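Novice:
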Amino acid sequence: MGRQMIKPGQGFTYIELTVTLAILAVLAMVALPFAEVTVKRQNEFELRRALRDIREAIDAYKTAVNTGQIALSKLDSGYPATLDVLVKGVPNAQMPSTTLYFLRRIPADPFYPNQSIPPDKMWGLRSYASPAEAPQKGADVFDVYSLSTDIGLNNIAYRNW
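Be aware that the sequence shown starts at 1132, since it is given in the numbering used here, and climbs by one per residue.
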């Protein structure tokens, strides 16, 4: 087993190398948009989960009000005043030594442009008194929505999810 020498004509030609590089470039160009869609799909999943978690916590708060676990004044709608109330908790009117918590933390909006601000500031808030078509802040939090102006993969704006 001695050294094997490459004989002329046994290597790759420049044309073969160029064609191979062109094929690899085309494959990379196809893979990049697929990767972008995958990232967007993951962020959409996180947005759906965050909206569901917050909305379920708001509904649980309203249920606690309706069952008498949370004291309510005549002027209150029965919905939390802020998103922070869901995390910080409220005294249980039926068992004064306990506190009712509805969220461990407020989830972040994955499409909000500045991820360094607190998550409770990332969401658009709709009060009970405002119409669904034109949500407005108010004395309570009836619903939340994304402040992103982007359109989802399903062609629906994130703020309408």
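All C-beta atoms, glycine included, are put in the ideal place defined by N, C-alpha and C.
Quick caveat: nothing in here was measured; it's all calculated off a predicted structure.
(1) What's the C-alpha gap between Gln1246 and Lys1268?
(2) Are there 16 or more other CB atoms within 10 angstroms of the CB of Asp1271, so buried, or fewer, so exposed?
(3) Lys1258 to Glu1177, Cα distance in whole Å?
(4) With distances taken from CA atoms, which of Val1196, Lys1219, Leu1217 is nearest Ser1208?
(5) If you follow the beta strand (DSSP E) that Arg1257 is in, where does it begin and where does it stop?
(6) Alpha carbon to alpha carbon, how far is Ala1162 from Ile1146? Give it in angstroms, no decimals.
(7) Are the beta-carbon atoms of Asp1274 and Met1253 separated by less than 8 angstroms?
Specialist: This is what the structure holds:
(1) 22 angstroms
(2) Classification of Asp1271: buried, given that the 10 Å Cβ count is 16 or more.
(3) The sequence shown places Ser at residue 1258, not Lys. Distance between the alpha carbons of Ser1258 and Glu1177 is about 24 angstroms.
(4) Val1196
(5) Taken as a continuous stretch (DSSP letters only), the beta strand (DSSP E) holding Arg1257 covers 1254-1257.
(6) 24 angstroms
(7) no
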